[in-house]
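Residue numbers (this note's numbering): 119 to 276.
Virtual Cβ for every residue (Gly too), placed ideally from N, Cα, C.
Following this line, the structure appears as structure tokens:
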């Protein structure tokens, strides 16, 4: 069986993470909102159509790809809405930004706004997802955060 997949490298849709209760161990509510932005929808429809093309031509002609039998853009959008999954590269839940950015949670020095002594030094501070794998940029943010902490607390690291 042939399986085809794709991803949008820099999606425009933005999800949200909400607290489900005041209990610190309660699981959060995660609404990924994969297709809130129409551009993301259009890109996925185009990719789906390209996958259909590839699966029915050339070397793949005799394979049986795992593609649903949908034809209209509306049907493709609905199929994607119910069958899409994430690629484990969620980011931006505590996005970094300037003081005048109402959507930012973390300042450029990685301090959480309104909370003394707390920094976030991971992928959650990315304002937008990277075009490639998130591992190296995450390590970079963590290293930079560690440098900032050591700089701001010299007495602890002398």
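Asked                                                                              : Found
Bridge-paired residues (DSSP) for residue 230                                      : 224
Closest residue to residue 151 among 135, 140, 165, 141 (Cα-Cα distance)           : 135
Boundaries (first-last residue) of the alpha helix (DSSP H) holding residue 259    : 253-270
8 Å Cβ cutoff met for residue 215 and residue 244                                  : no
Anticipated Cβ contact below 8 Å, residue 199 with residue 158, distance rounded   : About 11 Å; that fails the 8 Å criterion.
First and last residue of the uninterrupted alpha helix (DSSP H) at residue 160    : 156-173
From 233, 138, 142, residue whose alpha carbon lies closest to that of residue 149 : 138
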